[in-house]
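Under our numbering, think of the first position of the sequence shown as 7, with each following residue one higher. Every residue gets a Cβ at the ideal spot worked out from N, C-alpha and C, and that includes glycine. Note that this is a predicted model, so its numbers are computed, not measured.
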Amino acid sequence: MRTLRQQDSQGESAVAAFLDEYFYPKKVTNFCRKTDKKSQLRGIDVTFDYEDKHCIVDEKAAVQYVNRDLPTFAFEINCYGRDYSLQEGWLYDKKKVTEYYLLSWIKATKVKNFESQDITELEILLLNRKKLRKILAEEGLNRETTREIAKKLRQNKQFGVSHKSEKPYYFYHTQHLMEQPINVVIKKWVLRQLSEFCFIIGSEGE
């Protein structure tokens, strides 16, 4: 059974390299990429200044959905670790000091094993973590309630889409990956409304 981390690692590195070349030098100041283990464990990929904000950022990319025009983005509630113990996902992990997520939707000439030079376009969005969790809390979703939902999904071995309604979000329990993550999946239009900025970046510029 494949692992989520193995699948995502190369794609995320390619997206990071693309952003480093075509986005960060043009749109932000005081940019710094963090590659040390401590920063990674704390949910820090990059830091930069944008307008009047200093941003501590975790980059997230929809690397499994290249060229799919995905209308959503998934936020991790929990998953199994390498030792098969249940681990808290990054959305509510108290060990993470992430202030913002930089979300990326990808277009590329290859959908698997792509490098930065294969990327033709990124749609990117900067999202305040606290603001996102506040909006979810107004819908009755917080750290405790999402954990309880995830617990029931695992107990019932309920995979795929769950709790889908007229709400602009739903839960998804993935079966085919070793980590079997449970995510809350949120519509892109909601994320755009909450975002600090949205850009479409190509190798030829914005």
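Can ILE83 and TYR98 be called in contact, C-beta distance under 9 Å? Yes, they are a contact pair.
Pull up the CB-CB distance for HIS179 and GLY166, whole angstroms please, since I reckon it's below 8 Å. 7 Å
Considering ILE155, what are the terminal residues of the alpha helix (DSSP H) in which it resides? 149–161
May I ask you to report which of helix, strand or coil DSSP gives LYS34? Note on residue identity: the sequence assigns Val, not Lys, to residue 34. VAL34: coil per DSSP, three-state reduction.
Evaluate the contact criterion for the region 28–37 versus the region 63–70: three or more CB pairs, one atom per stretch, below 8 Å. no
So, with DSSP's three-state summary, where would you put ALA143? helix
Between the alpha carbons of VAL190 and VAL103, how many angstroms are there, rounded? Straight-line measurement puts the Cα of VAL103 at about 20 Å from the Cα of VAL190.
Quick check: the Cα distance between GLN123 and GLY17, rounded to an integer number of angstroms? Separation of GLN123 and GLY17 (C-alpha to C-alpha, rounded to the nearest whole angstrom) is 12 Å.
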